[in-house]
Amino acid sequence: MAPLKFDKLLCGPSLDLFTKDFPHGNVWEVEHVAKGPKLELNNSVLLSKAEKLSGVATVKHNVFNFDTELKLNSAGVHSFDVFGHSPFCPKLKVGSRYTHDGAKNKHSLLVTSEHVSDLVSSRAEVSPLALSYNVFSLFHFGPAKNCTVGAEVVGKKLEKINFTLGTSYKRVLEGNTFLFALRLAGSCDQLVEKVLGNAHVTNEGLKAPTSLSVAFDHSVKEGTTALSFGGLWHLTPLDHPLGSFLKAKCDNNARVSVAYGQKLNGTVGLVFGVDFDAKKLASEPDLKYGLKLNLTS
């Protein structure tokens, strides 16, 4: 089960635009997903840039008030999750994850609780064996709960504690959805180490929506700032049986990534992506490319 993430709850659409559906990180990848009322199977195989073949098989099953997930990795890292919903507090989810690393002969255990409501989204995660923890809470307020503010604390053995303060604001105006987010990341050694921001807009009034996003990452200690710009253009309506999209991103170092996705039918879809350094195209081409095949049944 995908856990709640502090950053994703604050500025998920912007983060997804910069990270999802860019397959150039691998030579190729094939993912197959089969979903039923209570059972879901997910299998993926990929060839990395280091020409290493790897695969992951995931089985998700719902039994009464419990969600279970078994994940088997070709690298020998296997995990089993169990999460339950309390009948007395349906918005609270409590569970655990056991992970075994066969190659290193290591075991780990995570105990997790999540609570999601109109006013609060929170998650507490503790690893008793590693003595580490991750806790965050986000509070939603405003007329449409479109303002969010919260904090995240991450630590291990009480030696070093990292924290992040974040806020976001969402507004719908004339068919456009605007999202602005700001995060301050620091630790006990330095109160503010990084300042991160995102601005995102989606034109949802169109049959084929368009999204644009800007992100910056400023390092206070080094005095440097990284800027990224991205866009997502749906070339067909979202409900089109043969949907297609084009997305691109670039940063202030002239690193450019472009991806094109196309559904071939109700079962097969593909995404092709390229990544290159625009400053070296003429002299020393630094080109990466990859292909991902999506299969559903």
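Residues 141 to 437, numbered by our numbering, are exactly what the sequence shown covers, in order.
Yeah, the Cβ is synthetic: ideal placement off N, Cα and C, and Gly gets one too.
For residue i, count neighbouring Cβ atoms within 10 angstroms of its own Cβ and tell me buried if that reaches 16, exposed if not.
i    : result
S437 : exposed
S214 : exposed
T342 : buried
H374 : buried
S359 : exposed
E424 : exposed
A270 : exposed
C328 : exposed
K244 : exposed
C229 : exposed
V411 : buried
E299 : exposed
A284 : exposed
L313 : exposed
Taking C-alpha atoms, which residue in the options lies nearest to residue i?
i    : options                : result
G363 : T288, E333, P143       : E333
K403 : G413, V294, F385       : F385
A197 : A270, L410, N205, V185 : V185
K387 : K148, T159, L150       : T159
K178 : K200, A399, A270, S253 : K200
L187 : V170, L181, E180       : V170
T350 : D357, L271, H340       : H340
P381 : V312, G406, S248, L259 : G406
G401 : L155, F162, P143       : F162
D379 : L150, I301, L346       : L346
G290 : A399, C151, V266       : C151
S226 : H255, V251, A142, T208 : H255
V335 : V294, V203, P377, L305 : L305
A348 : L324, T376, G326, A325 : T376
T288 : D147, D357, P143       : D147
T208 : A142, L155, T365       : A142
What does a CB cutoff of less than 6 Å around residue i pick up in its chain, not counting 5 residues either side in sequence?
i    : result
D415 : H164, S397, K428
L322 : T307, G337
F369 : V354, C390
L212 : A197, H218
S253 : V234, A264
V173 : N182, T436
G409 : K403, N434
T239 : S219, S248
Run through DSSP, which three-state label would residue i get?
i    : result
G152 : helix
A418 : helix
D426 : coil
H164 : helix
L298 : coil
F204 : coil
D357 : strand
F158 : helix
F385 : strand
F146 : helix
G363 : coil
C229 : coil
L451 : Outside the modelled stretch of the chain, which goes from 141 to 437, sits residue 451, for which no answer is possible.
G195 : strand
T288 : strand
N213 : strand
N392 : coil
V332 : coil
K175 : strand
Just how far apart, CA to CA, sit residue i and residue j?
i    : j    : result
L372 : L157 : 7 Å
G224 : K231 : 11 Å
G430 : K189 : 9 Å
G282 : S261 : 15 Å
G176 : S194 : 26 Å
K297 : P268 : 10 Å
A264 : N205 : 20 Å
N274 : L367 : 28 Å
R237 : K145 : 16 Å
D258 : H280 : 7 Å
G413 : L352 : 18 Å
F320 : R395 : 24 Å
Y309 : N202 : 35 Å
L421 : N393 : 13 Å
R311 : L149 : 15 Å
Excluding the five sequence neighbours on either side, which residues of its own chain have a C-beta within less than 7 Å of the C-beta of residue i, listed in chain order?
i    : result
E344 : G315, T317
D241 : G216, V217
Grab me the residues of residue i's own chain with a C-beta within less than 8 Å of its C-beta, minus the 5 sequence neighbours each way, in chain order.
i    : result
E191 : V167
K361 : Q330, E333
D426 : F416, D417, K420
Is any non-hydrogen atom of the ligand PLP found closer than 7 Å to the C-beta of residue i, if you look at the structure I gave you?
i    : result
S397 : This structure simply doesn't include the ligand PLP, nor any ligand for that matter.
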